[in-house]
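Here the structure is laid out as C-alpha cells; the discussion comes afterwards.
Number of protein chains: 2
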Amino acid sequence: MSDNELLQGLRAIVGENGATEAPDALAPHLVDWRKRHVGVADAIVFPRTTEQVADVLRFCAAHAIRVFPQGGNTSVCGGSVPATEGRNIVLALGKMNRILDLNPRNNSMTVQAGCVLADLQEAASKVDRLFPLSLGAEGSCQIGGNIATNAGGTNVVRFGNTRDLVLGLEVVLPDGQIWNGIRTLRKNNSGYDLKNLFIGAEGTLGVVTAAALKLFPKPKSVAAALMGFETVDAAVDEGIRLQGLFPGELVGLELISRSEFEISLRHGHELRNPFPDGVPPWLVLVELASSSVGDALTAQLQDALEAAYESGACQEVVVATSDQHRNEFWRIRHNVTEANGREGMGLTHDIAVPIYTIPAFMERAAAALATHYPQATQVVVGHMGDGNLHYIAMFSHAIWAEVADKAAFQRDLSHRLYDIAAELGGTFSAEHGIGSLHVDEMRVYKNRVEIELMQKIKSLVDPQDMMNPGRVLPS
Amino acid sequence: MSDNELLQGLRAIVGENGATEAPDALAPHLVDWRKRHVGVADAIVFPRTTEQVADVLRFCAAHAIRVFPQGGNTSVCGGSVPATEGRNIVLALGKMNRILDLNPRNNSMTVQAGCVLADLQEAASKVDRLFPLSLGAEGSCQIGGNIATNAGGTNVVRFGNTRDLVLGLEVVLPDGQIWNGIRTLRKNNSGYDLKNLFIGAEGTLGVVTAAALKLFPKPKSVAAALMGFETVDAAVDEGIRLQGLFPGELVGLELISRSEFEISLRHGHELRNPFPDGVPPWLVLVELASSSVGDALTAQLQDALEAAYESGACQEVVVATSDQHRNEFWRIRHNVTEANGREGMGLTHDIAVPIYTIPAFMERAAAALATHYPQATQVVVGHMGDGNLHYIAMFSHAIWAEVADKAAFQRDLSHRLYDIAAELGGTFSAEHGIGSLHVDEMRVYKNRVEIELMQKIKSLVDPQDMMNPGRVLPS
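Chains U and Y, in that order, give the protein sequences. Numbering follows the UniProt record's numbering, with no gaps: position 326 of the first sequence is 326. Numbering follows the UniProt record's numbering, with no gaps: position 411 of the second sequence is 411.
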C-alpha cells in the first residue's frame with residue numbers, strides 16, 4: 001500500500017480533515033516534550049467517534065499498519081511517540097474530548113479519552129465534586145493516557161492511582177471490536193476483571209476510548225504545611241505518624257531533598273523561600289483536606305506538627321496561613337521538573353519501595369552515587385506516602401557532554417539503583433510506566449512467570465503485534 | 001488411574017494425613033452450608049505449602065483430574081463445592097493459615113490463603129490496625145476465597161471491595177508454575193495487571209496461595225444510628241446526603257426493609273426492637289469511624305441526623321449511645337441470613353445499580369413481584385452506599401413446596417429482576433460472584449465481546465479446563 005493509499009484509506013473513515021501526512025502537522029506528534037524520544041509515522045489520524053477508532057484499527061489490521069495511540073504526549077518514558085522505524089500511524093485521541101455524563105448524585109462522570117485532565121477536574125468542581133487525579137502535566141495530559149499508564153500523582157496517598165478511580169471502560173480491541181464496559185457501579189462481580197487488564201497496558205492491548213470515573217465530595221477545607229528535617233529517617237517516621245493520625249484527611253505527603261528545593265527556587269519564577277535562614281536537608285509537604293468548613297483542620301494540623309516540633313522530631317514547621325500561602329508551597333513542588341531541566345542533565349528514576357524502607361534505600365543509593373558517580377548531585381522529590389521516590393542523579397551539562405556512551409552510562413547507573421529498590425521489595429517503575437524506555441528493565445526485574453503470562457496475553461489480544469509494538473513487553 | 005492410585009499420588013505429595021477419600025471426611029466439603037449445592041469428588045487434599053499446591057496441580061494436569069479449590073465453603077452461588085460429575089478432587093486451603101508478615105509501619109500484612117477472615121481482623125487489631133473487610137461469614141470464610149470472589153461486605157462504601165485491599169498475590173497456575181507477585185507497594189506500573197486478573201476469577205485461572213493485604217489505622221471512635229423513612233426515595237436521598245457530609249468517616253450505609261427488619265427480630269435471639277411503637281417502612285443503618293478520640297464523632301452524627309429529622313427527611317432517628325447499643329443494631333443486621341432461612345424460602349438476588357436509581361429499581365421490582373408473584377413477600381437488605389441490594393422474594397415453605405419446576409420458577413423470577421437492574425445500568429451479581437449458580441446469567445447479561453475475551457483468557461491460562469470447570473464462564 002502506498003503512502004497515498006494509506007492516507008486515502010484513513011480519510012475515507014475520518015473525513016478529509018481527520019488525517020494527514022503533512023510533515024509540519026506530524027512533527028509535534030513524533031517527539032516527546034522533553035525531546036528525548038523521536039519516532040516516525042506515515043500519517044496521523046484524529047478520530048471523532050469510537051466507531052471511527054474501530055474502523056481505523058480494522059483498516060490498519062488489514063494492511064499491516066502499526067498503530068501508536070497518543071493522548072497529550074506527556075510520557076516521560078517514550079510511551080507516547082511512535083517507534084523509530086516501520087509502517088506506523090499515530091492515532092491521536094484529542095478530538096474525542098466530550099464529557100458524556102456528569103452525575104454528582106452518583107459521584108460519577110463518563111468522559112471520552114481525549115479530555116484534558118484539568119478540564120475534568122474543573123467540570124467536577126463546578127458540580128461541587130472532586131476528581132482527585134492530580135499531576136504535573138494535568139494541563140495537557142489526556143485522561144485516556146492517564147488510564148493507559150495508570151497515572152499516579154500527588155493525591156494517591158488518599159485516593160489511589162488512576163486504576164482506583166475508574167469505574168468502567170470502553171475499549172476498541174486491535175481487531176476493531178468495541179468492548180462497551182462503561183458502567184458506574186461500585187460492585188460488579190460478574191466474571192474476569194477486563195477493566196484492569198487494559199488500565200496500565202499502555203495501549204498495547206487496544207485503545208481506551210471512554211471511561212466512567214469516580215468523583216468525590218469536594219473538600220470544604222484544606223490545610224498544608226512544610227516541615228524541615230535533619231535526616232530522611234526522621235522525615236519518614238513523621239510521615240508514618242501523620243498517616244496514622246489523619247487517615248481520612250491526608251491527601252498529600254511529599255518528600256523533597258534540599259538540593260531539589262534549592263534547584264526549584266533557583267529556576268523558579270517569583271518563588272519565595274519559606275526558609276530564609278537556610279533550607280533544611282529534607283522537606284516534607286503535607287496536605288490535609290476535610291468535608292468540614294472552617295479553620296478546624298488547620299488547627300488540628302498545627303497541633304499535630306507543634307507536637308512533632310516540640311518532641312524534636314522535626315526542626316522546622318511552616319503551616320500555611322492562607323490558600324495563597326499553601327499554593328506557594330505547591331508551586332515550589334510543581335516547578336521541579338522544569339527547574340531540573342534547566343539545572344542540568346537529570347537522570348530520573350521512578351522507583352517505589354515499602355515506605356518504611358525509604359531510609360535504607362536512600363542510604364544505599366547515596367553510597368552508590370558517591371562511589372561510582374561522584375560528579376552527580378543527588379536530587380530527590382517524591383510521593384513519600386506511597387513509597388514512590390523520583391530519585392535523580394543530576395549532572396552538569398558540561399560533564400554530561402563528556403559522557404561517551406550515554407545509553408550505557410545511564411543503564412549502568414539506573415540498574416545500580418533499581419537493584420537496590422528490588423532488594424527492598426521495590427519496583428523500577430512506580431507511576432511513569434514502561435513505554436519504550438524501560439522494556440529492558442522488564443526483562444531484568446520481572447520474573448519469568450509473569451513476563452511469559454503477559455506475553456501470552458499480548459499475543460492473545462493483539463496477535464499481529466500492531467498496537468504500540470515495542471512498548472511495555474520485551475519480545 | 002484408579003481411585004487408589006489417585007490417593008497414593010496425592011499422598012506422595014502431601015503426606016499420609018494430607019489427603020483422604022473417606023466418605024465421612026469428604027462429606028462436609030461436598031455440600032454448601034445452605035445445602036443447596038452438592039458435588040462429587042474422589043478425594044480431598046490439604047496442602048500445607050505453596051510447593052505442595054504446585055505439585056498437586058501438576059499431578060492433576062498429568063492425569064486429567066479436575067481441581068476444585070475450597071476455602072471456608074461459604075459461597076452462596078455454589079462456587080465452593082465440586083461439580084456434580086466427573087473425576088474431581090477438592091483442594092482445601094485451610095491448613096495454609098499462617099500470617100507470614102505483619103507490618104504496622106507499612107500498613108500491610110502478608111498471609112496464606114487459608115487464614116480465616118476474623119483471625120486476620122484480630123491480628124491487625126492487635127497491632128492497632130484495621131483490616132476492613134467485614135462480612136457475615138467472617139468467622140469461617142478464608143481470605144483466599146474472599147480474594148477469589150472479590151468479596152464485598154459492609155465496609156465497601158469506605159474501603160472498597162477485596163480487590164482494593166490486595167497489594168500483591170501468590171498464585172499457582174494450572175500447570176503448576178508459581179507466580180510470586182507478593183509485593184507491598186502502593187504503586188507499581190510495570191506491565192499488565194495480573195493481580196486483578198486472578199482476583200474475582202473464582203479459582204478458574206489458578207489457586208491463590210498467599211496475599212499481601214492493606215491495613216489502615218484503627219479507628220479511635222465509632223458512631224452509629226438507625227434512621228427510619230416512609231419511602232425508599234427518602235432513604236436514598238438521605239444516604240447520598242450523608243456520603244457528601246462524611247466522605248472520610250462513613251464506613252457503613254445499610255438499607256433494610258421493614259419486612260426484613262421484622263423477620264430478623266422474629267427469629268433473632270435476644271434482639272431488642274429499637275422501634276417499639278412500630279418499625280418504619282425503611283431503615284438505614286449508618287456508621288461513621290474516625291481517627292479522633294472522644295465523643296465528637298457521635299455529636300457530629302447527632303447534629304447531621306437531627307437536621308434530617310427536623311427537615312422531615314426522616315421520621316425516626318436512634319443514635320447509638322454506647323458500643324453495646326451500636327452492636328445491637330448490627331446484630332439485627334447480621335442476623336438476616338439466618339433469620340430468612342427460618343422464615344421461609346427466600347430467593348435472593350445480589351443486584352447492584354447506580355445508587356440514585358435504587359428508587360426506580362424498587363418501584364419496578366415491587367410491581368413485577370405484585371403482578372407475577374403475589375404470594376411472595378418483598379424483603380430487602382443491602383449495602384445502599386454501594387448501590388448493592390440483596391432483593392429477596394420470600395415464599396412460605398408451604399407455597400414453595402407446591403412449586404412444580406423450582407428451577408424454572410426461580411429462573412423466571414430472577415430474570416425479571418435482573419432485566420430491571422440491567423436496564424438501569426446495573427448487574428445481576430454485585431458481590432457474591434458467579435459460582436455455578438449464575439453461569440447462565442453470564443450468557444444472558446454480559447455482552448459477546450467480553451464473554452469471548454474471558455473465554456479466551458480462560459483457554460490461555462487453563463487449556464485443559466481443569467480448574468473449577470463449569471464455574472464463572474459459559475462454555
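From the three backbone atoms N, C-alpha and C, an ideal C-beta is built for every residue, glycine too. Since the structure is predicted, the reported quantities are computational estimates derived from the model, not experimental observations.
In this structure, the beta-carbon distance from Q70 (chain U) to T209 (chain U) does not fall below 8 Å.
Listed in chain order, the non-local C-beta contacts of R258 (chain U) below 8 Å within the same chain comprise V279, P280, P281, W282, L283, local neighbours out to five positions each way being set aside.
Chain U has a Cβ within less than 8 Å of the Cβ of G387 (chain Y). In this structure, A393 (chain Y) sits near L369 (chain Y), with a CB-CB distance shorter than 8 Å.
As the crow flies, the alpha-carbon of A234 (chain U) is around 18 Å from that of F261 (chain U). A residue is called buried when at least 16 other Cβ atoms come within 10 angstroms of its Cβ; R266 (chain Y) does not meet this threshold and is exposed. As the crow flies, the alpha-carbon of L93 (chain Y) is around 8 Å from that of R48 (chain Y). Contact annotation: V207 (chain U) and V171 (chain U) have beta-carbon atoms nearer than 8 Å. Sixteen is the threshold: since fewer than 16 other Cβ atoms of the shown chains lie within 10 Å of the Cβ of P276 (chain U), the residue is exposed. Against chain Y, the CB of G79 (chain U) has no partner CB under 8 Å away; the residue lies outside that interface. Taking a Cβ-Cβ cut-off of 8 Å, the neighbours of A352 (chain U) in chain Y comprise L185, R186, K187, N188, given in sequence order. When secondary structure is reduced to three states using DSSP, R105 (chain U) falls in the helix class. In the structure shown, V403 (chain U) falls within a coil segment according to DSSP collapsed to helix, strand and coil. Of the residues assessed, M384 (chain Y) falls on the buried side of the cut-off, its CB having 16 or more other CB atoms within 10 angstroms. Closest by C-alpha distance to D3 (chain U), out of U:I44, U:G176, U:V31, U:P28, is U:I44. Under the Cβ distance rule, D164 (chain U) counts among the residues neighbouring chain Y, one pair being separated by less than 8 Å. For K446 (chain Y), the chain U residues whose Cβ falls inside 9 Å of its Cβ are S190, G191, in order along the chain. The beta carbon of G203 (chain Y) does not come within 8 Å of any beta carbon belonging to chain U, so the residue lies off that interface. Of all C-beta pairs linking the stretch 430 to 450 of chain Y to the stretch 149 to 166 of chain Y, three or more are shorter than 8 Å, placing the two stretches in contact.
Secondary structure of D462 (chain U) (DSSP, three-state): coil. For the options U:C141, U:A137, U:K187, U:R183, the alpha carbon positioned closest to that of R158 (chain Y) is the one of U:K187. Looking at the backbone, the Cα of P247 (chain U) and that of G228 (chain Y) are separated by about 31 Å. Interface with chain U (8 Å Cβ-Cβ cutoff): W33 (chain Y) is excluded. Neighbours of H432 (chain U) in chain Y, taken as residues at a C-beta separation under 8 Å, are given in chain order as N189.
Excluding its 5 nearest sequence neighbours in each direction, R105 (chain U) has no C-beta neighbour in its own chain below 7 Å.
Residue-level contact check: I263 (chain U) does not touch chain Y, since none of the beta carbons of chain Y fall below 8 Å from its beta carbon. Burial check for V293 (chain U): the Cβ neighbour count within 10 Å stays below 16, so the residue is exposed. In this structure, R163 (chain U) places its C-beta atom within 8 Å of the C-beta atom of I199 (chain U). Among the residues of chain Y, those whose CB is under 7 Å from the CB of P247 (chain U) are F216, P217, S291, following chain order. Listed by position along chain Y, the residues whose Cβ is nearer than 8 Å to that of E450 (chain U) are W179, G181, G191, L194. Within the stretch 178 to 204 of chain U, the beta strand (DSSP E) runs of at least 3 residues that lie entirely inside it are, in chain order, 178 to 181.
The alpha helix (DSSP H) runs of length 4 or more contained entirely in the stretch 331 to 417 of chain U are, from start to end of the chain, 336 to 343, 358 to 372, 397 to 402. Annotated as distal: I351 (chain Y) and Y445 (chain Y), with beta-carbon spacing of 8 Å or more. Assigned with DSSP and collapsed to three states, R443 (chain Y) falls in helix. Proximity of K456 (chain U) to chain Y, defined by a Cβ-Cβ separation below 8 Å, is satisfied. Here the alpha carbons of F428 (chain Y) and K218 (chain U) stand approximately 31 Å from one another.
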